[in-house]
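Residue numbers (my numbering), protein chains in the order written: chain Y, 14 to 181; chain S, 113 to 278. Notes follow the structure.
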Amino acid sequence: MYYKISDFIEDWKYESESTIKVLGNLTDTSLTKNFGENIRTPGRLAWHIAGAISELGHRMGLAFEELDQDVPFPPTAKEIVDEYKLASEGLIKEIKEKWNDDSLSVEDEITGQGEKWSRGKTLGALVTHQIHHRGQLTVVMRLAGLKVPGVYGPAKEEWVNYGMQPQE
Amino acid sequence: MYYKISDFIEDWKYESESTIKILNNLTDVSLNKKANENVRTPGRLAWHIVTTLGEMAHRTGLTFKTVDENAPIPSTAKEIVDEYKRASEGLIQEISEKWRDETLLLEDDMYGELWKKGKTLGVLVTHQIHHRGQLTVVMRLAGLKVPGVYGPAKEEWVNYGMQPQE
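What follows is the structure in C-alpha cells.
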C-alpha cells in the first residue's frame with residue numbers, strides 16, 4: 014500500500030533495476046527451454062513480468078503503450094529486455110506527470126471480480142507480482158545453465174566478492 | 113516502507129497465509145530433491161523462508177522465540193510449517209504489543225546500513241515473496257502441486273470456468 018508517489022518510485026527503481034539485471038542474463042536459446050509441463054519457460058515468465066506492467070497500469074487509467082502478453086514472446090532476449098524497459102519507463106513517466114499523492118487513494122476495478130483497489134494498493138501488487146515471478150524466473154534460468162545476479166543479497170557466485178563462502 | 117502497523121499486519125496476513133498454503137503442499141521426500149547443483153532444494157528454500165523471520169526481525173530489537181538461522185533443515189515438512197507458524201505468530205504478536213506507528217520510523221543497523229523499521233518490514237515481505245516464488249518452481253520439479261499466490265495456479269483456472277493460462 015503506497016501513500017507517497019516518491020516511495021513507489023524509490024521501490025520501483027530498485028526492483029526494476031534488479032529485474033533488468035536478471036533479464037539481462039537471458040540468452041535467446043534459453044527462452045524456450047521447458048523443464049516440466051507444469052513449469053513456464055524462461056521466455057514465458059519474462060514476458061509475463063513485462064506484460065503485467067501495462068495490464069495493471071491500464072486498469073488504473075494509465076495509457077502508456079500496451080504490451081500484449083497474449084501475443085507469443087519475442088525470439089530474442091534483447092527484445093524482451095527492451096519491451097520491459099519501455100513499459101517500466103512509460104509507467105514511471107506517466108505517474109510522475111499525471112498523479113500526485115492524493116491519486117493513490119483513488120479506487121479502480123482491478124480483479125474482474127467486482128473488487129475495488131486503491132491505486133496505492135494496485136502499485137503494491139504490481140511490485141509483489143513481479144517479485145514472485147522474477148523469483149520463479151531465477152530458478153528456470155539456473156536450470157537452463159544461466160547465471161543469475163542476486164536480488165536481495167548475493168547470488169551463489171557473488172559471496173566471494175564479500176570474502177565469504179557461498180551459502181548452502 | 114510501512115507507515116502504519118495495520119498496513120503491515122494486513123499484508124502479512126495475506127502473505128503468510130499464502131506461504132502456509134504452499135508449505136502445506138511439501139512432502140517429506142520432496143525436501144531433499146536436488147534439481148541442479150545451483151538450485152536450492154525445496155527443504156533448503158522453505159527453511160530459509162522460515163529462519164529469515166527471526167534473523168531479520170531480531171535485528172530490530174524484537175525477541176520472539178524461533179529457531180536460529182543456522183539450525184539444520186528438519187526432516188519433515190510438518191516441522192517446517194509448524195516453525196513458520198510459530199515465528200509468524202510471534203512476530204505479529206510482539207509487534208502488535210510493543211510497536212506504534214511512530215516506531216516504524218526508528219532506525220536499526222541492518223547488514224551495515226541504517227534502515228527504518230518500516231523499511232525492514234517491507235524487505236521481510238519482499239524477501240519472502242522472492243524465495244517463495246523460487247520454491248514454487250522446485251516444488252513443481254518435485255512433482256508437487258502449488259496453490260496460486262496472486263492469481264490462479266495452473267490447476268485452479270477451471271474453478272473460474274477458464275482454460276489454464278499458458
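Backbone N, C-alpha and C fix where the C-beta goes; we use that ideal spot for every residue, glycine too.
Whole-angstrom C-beta distance between residue 15 of chain Y and residue 21 of chain Y, which should lie under 8 Å
5 Å
Please check if any C-beta of chain S sits within less than 8 Å of the C-beta of residue 57 of chain Y.
yes
Assigned exposure category for residue 180 of chain S - 16 Cβ within 10 Å defines buried:
exposed
So residue 140 of chain S is in the alpha helix (DSSP H); what residue range does that whole segment cover?
Counting along the chain, residue 140 of chain S falls outside any alpha helix (DSSP H), and DSSP gives it neither H nor E.
Identify every run of the alpha helix (DSSP H) within the segment 56-103 of chain Y, keeping only runs that are complete inside it and at least 4 residues long; order them along the chain.
none
Excluding five sequence neighbours on each side, which residues of the same chain lie with their C-beta closer than 7 Å to the C-beta of residue 158 of chain S?
135, 138, 192, 247
What does the Cβ neighbour count give for residue 132 of chain S, buried or exposed, with the cut at 16 atoms within 10 Å?
exposed
So, do the segment 113-122 of chain Y and the segment 82-100 of chain Y have three or more beta carbon pairs nearer to each other than 8 Å?
no
Exposed unless 16 or more other CB atoms sit within 10 angstroms - verdict on residue 147 of chain Y:
buried
C-alpha distance - residue 181 of chain Y paired with residue 30 of chain Y, whole-angstrom precision
26 Å
Could you give the DSSP three-state label for residue 121 of chain Y: helix, strand or coil?
strand
Under 8 Å, with one C-beta from each stretch per pair, do the segment 140-153 of chain S and the segment 135-155 of chain Y reach the 3-pair mark?
yes
Test item: CB-CB of residue 178 of chain S and residue 165 of chain S under 8 Å:
yes
Is any beta-carbon of chain S found at less than 8 Å from that of residue 121 of chain Y?
no
The segment 124-155 of chain S: which residues have C-beta closer than 7 Å to a C-beta of chain Y, in chain order?
147, 148, 150, 151
With DSSP run on the structure shown, which of helix, strand or coil describes residue 112 of chain Y?
coil
Just list the beta strand (DSSP E) runs in the segment 178-243 of chain S, keeping only unbroken ones of 3 residues or longer that don't cross its boundaries, in chain order.
219-222, 225-228
At a CB distance below 7 Å, what residues from the segment 265-277 of chain S approach chain Y? Give them in sequence order.
266
Close Cβ partners of residue 168 of chain Y (< 7 Å) along its chain, the five nearest in sequence each way excluded:
161, 162
C-beta neighbour in chain S for residue 63 of chain Y, strict 8 Å:
no
Under a three-way DSSP split, which group does residue 129 of chain Y fall into?
strand
So, using beta-carbon positions, are residue 220 of chain S and residue 116 of chain S closer together than 8 Å?
no
Would you mind giving the Cβ-Cβ distance between residue 195 of chain S and residue 162 of chain S, rounded to the nearest angstrom? I have them listed as a contact below 8 Å.
5 Å
At least three beta-carbon pairs within less than 8 Å, the segment 121-128 of chain S to the segment 198-211 of chain S:
yes
So what does DSSP say about residue 246 of chain S, is it helix, strand or coil?
helix
Can you tell me which of the three DSSP states residue 144 of chain Y falls into?
helix
Quick one: list the residues of chain S neighbouring residue 89 of chain Y, beta-carbon separation under 8 Å, in chain order.
Within chain S, no residue comes near residue 89 of chain Y; the closest Cβ sits about 19 Å away, beyond 8 Å.
Buried versus exposed, by CB contacts within 10 Å (16 or more), residue 97 of chain Y
buried
So, is residue 55 of chain Y buried or exposed, given that buried needs 16 or more other C-beta atoms within 10 angstroms?
buried
Below 8 Å CB to CB, which residues in the same chain sit around residue 127 of chain S once its five sequence neighbours on both sides are set aside?
237, 240, 241
Looking at the unbroken alpha helix (DSSP H) that takes in residue 165 of chain S, where does it start and where does it end?
154-169
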